[in-house]
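Peer 1: Mind having a look at this structure? Questions to follow.
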Amino acid sequence: GDSVTQMEGPVTLSEEAFLTINCTYTATGYPSLFWYVQYPGEGLQLLLKATKADDKGSNKGFEATYRKETTSFHLEKGSVQVSDSAVYFCASAGGNFNKFYFGSGTKLNVKP
Amino acid sequence: NAGVTQTPKFQVLKTGQSMTLQCAQDMNHEYMSWYRQDPGMGLRLIHYSVGAGITDQGEVPNGYNVSRSTTEDFPLRLLSAAPSQTSVYFCASSYTDNQPQHFGDGTRLSIL
């Protein structure tokens with residue numbers, strides 16, 4: 082069945098460091114891919130999305146490219162800020178099933 | 297613009313009690329779903345609905361019932377609460393299963 086796997090956390094970085102959070106997916110069809118962010122005590126918010134191969138989603142300095150050949154959707158940011166500290170979830174949707182699949186989440190801590 | 301509204305925000309139950317978690321959206325979304333979020337496990341899909349009158353099971357449906365009598369509302373019922381159901385519950389909605397989901401702020405449920 083469909084699934085999403087993302088790197089274990091927590092990830093601890095200093096401010097202005099480069100961020101990569103790995104995400105890979107398995108799907109029987111051609112899913113759309115998403116990154117969500119969850120700040121403490123809040124619900125999930127959509128960060129970016131990509132709906133087909135080679136699409137690049139971007140928002141607030143974050144980017145992720147839909148790589149069909151490697152079934153990956155890694156999240157990157159060139160220079161993180163303390164305010165980026167949160168839990169990040171990779172997700173897939175569509176394909177052959179009417180369901181969303183979420184990764185287990187990666188907690189990011191950014192220190193000043 | 298309310299988005300997805302969940303009530304209550306917090307609830308404590310005793311084992312064996314029943315209750316209903318409410319979820320309402322005002323965006324005319326067809327697709328609605330319930331997730332539970334447990335530490336280290338990300339989000340797991342409980343039940344989902346692709347439109348009024350249609351519901352289906354997700355990954356962890358046991359112990360929960362849902363109904364979808366209107367497009368706006370998607371309540372989640374716990375029939376006989378168990379400590380294993382202590383979790384944070386999120387309701388989400390989207391236009392279709394292949395579009396970004398909008399999340400409510402969550403209901404933190406404790407079963408004693």
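In order, the protein sequence lines correspond to chains R and W. The letter at position 104 of the first sequence is residue 185 when you use the numbering used here, and the numbering goes up by one with no holes. The letter at position 78 of the second sequence is residue 374 when you use the numbering used here, and the numbering goes up by one with no holes. A virtual CB, placed ideally from N, CA and C, is assigned to each residue, including glycine. A quick note: this is a predicted structure, and the numbers were derived from the prediction, not measured.
Any heavy atom of the ligand FAD closer than 8 angstroms to the Cβ of R148 of chain R?
Peer 2: Summarising the ligand content, the structure contains no ligands, and the ligand FAD is consequently not present.
Peer 1: How many angstroms separate the CA atom of I350 of chain W from the CA atom of V191 of chain R?
Peer 2: Against the second sequence, residue 350 of chain W aligns to sequence position 54. Against the first sequence, residue 191 of chain R aligns to sequence position 110. Roughly 43 angstroms between the two C-alpha positions.
Peer 1: Measure the Cβ-Cβ separation of C104 of chain R and T86 of chain R and say whether it is below 9 angstroms.
Peer 2: Walking along the first sequence from the start, residue 104 of chain R turns up at place 23. Walking along the first sequence from the start, residue 86 of chain R turns up at place 5. Going by C-beta atoms, C104 of chain R is nearer than 9 angstroms to T86 of chain R.
Peer 1: Tell me whether N177 of chain R sits in a helix, a strand or coil according to DSSP, three-state version.
Peer 2: Taking the first residue of the first sequence as position 1, residue 177 of chain R is located at position 96. In this predicted model, N177 of chain R has a pLDDT of only 49, less than 50, meaning its place in the structure is not dependable enough to derive any value.
Peer 1: Rounded to the nearest angstrom, what separates P304 of chain W and Y147 of chain R at their Cα positions?
Peer 2: As a first step, residue 304 of chain W must be located in the second sequence, where it is residue number 8. As a first step, residue 147 of chain R must be located in the first sequence, where it is residue number 66. Computed Cα separation, rounded: 37 angstroms.
Peer 1: With DSSP as the reference, label V356 of chain W as helix, strand or coil.
Peer 2: Taking the first residue of the second sequence as position 1, residue 356 of chain W is located at position 60. Three-state result, V356 of chain W: coil.
Peer 1: Taking Cβ-Cβ distances below 7 angstroms as the criterion, which residues of the region 342-353 of chain W are in contact with chain R?
Peer 2: So the close ones are Y344 and V346.
Peer 1: If we cut at 9 angstroms on Cβ distances, does D369 of chain W have a partner in chain R?
Peer 2: Position 73 of the second sequence, counted from the first residue, corresponds to residue 369 of chain W. Cβ-Cβ to chain R under 9 angstroms: no for D369 of chain W.
Peer 1: What residues from chain W crowd round E123 of chain R, counting only those whose CB sits closer than 7 angstroms?
Peer 2: Position 42 of the first sequence, counted from the first residue, corresponds to residue 123 of chain R. What E123 of chain R touches in chain W: D401.
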